[in-house]
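S.K.:
Number of protein chains: 2
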Amino acid sequence: MAKIYVVGIGPGKKGDMTFRAYDALEKSDVIIGYKTYIDLIKEYFPEKELISSPMKKEVDRCREVVEIAESGKTVSLISSGDAGIYGMAGIMLEIVPESIETEIIPGVTASNAAAATAGAPLMHDFATISLSDLLTDWDLIKKRVDLASQGDFVISLYNPKSKGRTTQIEDAAEIMLKYKSPETPVAIVRNAGREDERVTAATLGTMLEHEIDMLTVIIIGNSKTFMKNGKIITPRGYKY
Amino acid sequence: MAKIYVVGIGPGKKGDMTFRAYDALEKSDVIIGYKTYIDLIKEYFPEKELISSPMKKEVDRCREVVEIAESGKTVSLISSGDAGIYGMAGIMLEIVPESIETEIIPGVTASNAAAATAGAPLMHDFATISLSDLLTDWDLIKKRVDLASQGDFVISLYNPKSKGRTTQIEDAAEIMLKYKSPETPVAIVRNAGREDERVTAATLGTMLEHEIDMLTVIIIGNSKTFMKNGKIITPRGYKY
Chain A
432 MAKIYVVGIG
442 PGKKGDMTFR
452 AYDALEKSDV
462 IIGYKTYIDL
472 IKEYFPEKEL
482 ISSPMKKEVD
492 RCREVVEIAE
502 SGKTVSLISS
512 GDAGIYGMAG
522 IMLEIVPESI
532 ETEIIPGVTA
542 SNAAAATAGA
552 PLMHDFATIS
562 LSDLLTDWDL
572 IKKRVDLASQ
582 GDFVISLYNP
592 KSKGRTTQIE
602 DAAEIMLKYK
612 SPETPVAIVR
622 NAGREDERVT
632 AATLGTMLEH
642 EIDMLTVIII
652 GNSKTFMKNG
662 KIITPRGYKY
Chain B
432 MAKIYVVGIG
442 PGKKGDMTFR
452 AYDALEKSDV
462 IIGYKTYIDL
472 IKEYFPEKEL
482 ISSPMKKEVD
492 RCREVVEIAE
502 SGKTVSLISS
512 GDAGIYGMAG
522 IMLEIVPESI
532 ETEIIPGVTA
542 SNAAAATAGA
552 PLMHDFATIS
562 LSDLLTDWDL
572 IKKRVDLASQ
582 GDFVISLYNP
592 KSKGRTTQIE
602 DAAEIMLKYK
612 SPETPVAIVR
622 NAGREDERVT
632 AATLGTMLEH
642 EIDMLTVIII
652 GNSKTFMKNG
662 KIITPRGYKY
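Line order of the protein sequences matches chains A and B.
If you're matching positions, the first sequence starts at 432 in our numbering and goes up one per residue.
If you're matching positions, the second sequence starts at 432 in our numbering and goes up one per residue.
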């Protein structure tokens, strides 16, 4: 019986993929995803039918997945990180007819991978916010950055900047500085969990001096976050 | 050379563990963790020295890890889910001397596993909040629930209730209802990613009628979250 898997393949390297994710890809006749993600997994599945799909064609990609499943094949739709966090799980479930079995397989999301590389900045309550205003009103995003800062949440920012979208991270930094100290430790992680991963420990006051792009996740600490031995740590509150 | 791994083993089943997590445990002389987590992995590593450590002894556990590493052994300290999310990564990095190499290995955290089971509720900006006031001031937690609700964040609640702590989830529900509709879809997931996983689709208005305990993660949608074919979906905003 045909089946759809929506698979979070983790940040990039096979090591951060789960056994269940790998097994789903192994069981699939077809693997489909955004080209960058197909490139990440193709060496492990050279014998599979792999379909690269362009960015901004997410709805078309899901319709293609449904067609493939309806033809009787098992198909995996992949997202990097966790498919349920700014990935393909939502739109796939919106589009798929109830008659086709669909399983969502969770993965290590980019902010978790970035946090592990930088130390342990996400150890306490945190807010995850995408700065992309392609599908979300910018005023709502700004409001969320403001409220999360007021609440002294650790803040994890996805999609902080792209070629055509450069001012959002500046506005976000300005909003956060209304409530958070400029000394707040910040992890800037590019290509988290991939071959060319790069981690920069900065502060909220200095983070805009560093290179930031679409492949970067930025984690801004709370009022208790500190640096030790080059690692960024948000304490849970244990006494020792 | 001795080394410390701090390993997120995922929610429970081996399938949701990453290859890197498994490899770290395989390479370790000793695996140490809270008893429930040791029980989850012991069948895969019957030949290893496994040390179960009681709850609320997190600092002692980390000191023991340092001692084992100083004796020349490679040791893995395990947390369920992701060690960097309310897990052991923070306190371990606070305590470990710089001379001992320490690697944090990220994992699939409980809310990601819970979300995948329930559908795709975390597809948009979300706030993760622990309702445990053991180490955090209850007024700050309430403030965070309030601000996250004002910001129309999806909210993921860890540690919603324990035997001795029963009123926090009631207070949290009341605060969320100031801003969120009682019809907001809610996923109540007990033992996410474990053998006896149970998912209940409820609403913010009815969620307190369901069983909630320490092993439960609760995900409360945003104003756009909806139910379809039994799945809870937060749309990213794609048009179709």
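Every residue gets a Cβ at the ideal spot worked out from N, C-alpha and C, and that includes glycine.
Taking only runs that begin and end inside the region 509–561 of chain B, name each unbroken beta strand (DSSP E) of 3 or more residues, in chain order.
M.R.: 533–536, 557–561
S.K.: Under 9 Å between beta-carbons, which chain A residues line up against P613/B? List them in chain order, please.
M.R.: Result: empty, since nearest Cβ-Cβ is about 22 Å, beyond 9 Å.
S.K.: Starting from F476/B, find everything on chain A with Cβ-Cβ shorter than 9 Å and list it in chain order.
M.R.: Correct list: empty, because the minimum Cβ distance to chain A is about 15 Å.
S.K.: For V461/A, would you say it is in contact with chain B, using Cβ-to-Cβ distances shorter than 8 Å as the test?
M.R.: no
S.K.: Please identify the residue among K594/A, G515/A, I649/A, Y465/A whose C-alpha is closest to the C-alpha of A604/A.
M.R.: I649/A
S.K.: Determine whether the beta carbon atoms of I572/B and S580/B lie at a separation below 8 Å.
M.R.: no
S.K.: Less than 8 Å between the beta carbons of S502/A and G464/A, yes or no?
M.R.: Between S502/A and G464/A, the gap from beta carbon to beta carbon reaches 8 Å or more.
S.K.: In this structure, what does DSSP give as the bridge partners for K662/B?
M.R.: K659/B
S.K.: Determine contact between the region 636–652 of chain A and the region 467–484 of chain B, defined as no fewer than three beta-carbon pairs at a distance below 8 Å.
M.R.: no
S.K.: If we define contact as Cβ-Cβ less than 8 Å, is I682/A a contact residue for chain B?
M.R.: In this structure chain A extends from 432 to 671, so residue 682/A is not present and cannot be described.
S.K.: What residues from the region 544–562 of chain B come within 7 Å of chain A, judged by C-beta to C-beta, listed N to C?
M.R.: A544, A546, A547, G550, A551, L553, M554, D556, F557, A558, T559, I560, S561
S.K.: Roughly how many whole angstroms lie between the Cα atoms of A433/B and K434/A?
M.R.: 45 Å
S.K.: Starting from L608/B, find everything on chain A with Cβ-Cβ shorter than 8 Å and list it in chain order.
M.R.: Under the 8 Å cutoff, chain A gives no residues; its nearest Cβ is about 17 Å from L608/B.
S.K.: Using a C-beta to C-beta distance shorter than 7 Å, which residues of chain B count as neighbours of N660/A?
M.R.: E529
S.K.: Can you find a C-beta in chain B that's less than 8 Å from the C-beta of I535/A?
M.R.: yes
S.K.: Should V583/A be labelled buried (16 or more other beta-carbon atoms within 10 Å of its own) or exposed?
M.R.: Just to set this straight, residue 583/A is Asp in the shown sequence, not Val. So D583/A ends up on the buried side.
S.K.: Among the candidates K655/B, R451/B, T467/B, whose CA atom is the shortest distance from the CA of T567/A?
M.R.: K655/B
S.K.: Starting from D513/A, find everything on chain B with Cβ-Cβ shorter than 7 Å and list it in chain order.
M.R.: N543
S.K.: Assuming A545/B and A623/B are in contact, meaning their beta carbons sit under 8 Å apart, how far apart are those beta carbons, in whole angstroms?
M.R.: 4 Å
S.K.: Over what stretch of residues does the alpha helix (DSSP H) that includes E381/B continue unbroken?
M.R.: Examination of residue 381/B is not possible in this model, given that chain B is present from 432 through 671 alone.
S.K.: Within the 8 Å Cβ cut-off, does V438/A reach chain B?
M.R.: No, no contact with chain B.
S.K.: Apart from the five residues on each side of it in sequence, which residues of its chain come closer than 7 Å, Cβ to Cβ, to K504/B?
M.R.: A433, D460, V461
S.K.: So what's L588/B in DSSP terms, helix, strand or just coil?
M.R.: Here L588/B sits in strand by DSSP.
S.K.: What is the C-beta distance between D513/B and G446/B, in whole angstroms, given that I count them as a contact (C-beta under 8 Å)?
M.R.: Incorrect: roughly 16 Å between the Cβ atoms, too far for contact.
S.K.: Quick check on G503/A - is its C-beta less than 8 Å from some C-beta in chain B?
M.R.: no
S.K.: Have a look at L456/B, S542/B, W569/B, G550/B and flag the residue whose alpha-carbon is nearest the alpha-carbon of F557/B.
M.R.: S542/B
S.K.: Going by C-alpha distance, which of V506/A, D627/A, H641/A, S612/A is nearest P442/A?
M.R.: D627/A
S.K.: Could you check whether V539/B and V437/A sit closer than 8 Å to each other, using their CB atoms as the reference points?
M.R.: no
S.K.: Which residues in chain B sit within 8 Å of P666/A, going by Cβ to Cβ distance?
M.R.: G521, I522, E525
S.K.: Return the bridge partner residues of R621/A from the DSSP annotation.
M.R.: R629/A, T647/A
S.K.: How many Å lie between A551/B and K662/B at the Cα?
M.R.: 8 Å
S.K.: Under the three-state reduction of DSSP, which class applies to I440/B: helix, strand or coil?
M.R.: coil
S.K.: Report yes if the CB atom of M523/A is closer than 8 Å to the CB atom of T533/A, and no otherwise.
M.R.: Taking 8 Å as the Cβ cut-off, M523/A and T533/A qualify as a contacting pair.
S.K.: Got a sec: is the Cβ-Cβ distance from V490/A to anything in chain B below 8 Å?
M.R.: yes
S.K.: Going straight from the alpha carbon of V490/A to that of I600/A, what length do you get?
M.R.: 28 Å
S.K.: Please go through the same chain and pick out, in chain order, the residues whose beta-carbon is closer than 6 Å to the beta-carbon of M658/B, but skip the five residues on each side of it.
M.R.: Once the five neighbours on either side are set aside, the close Cβ partners of M658/B are P616.
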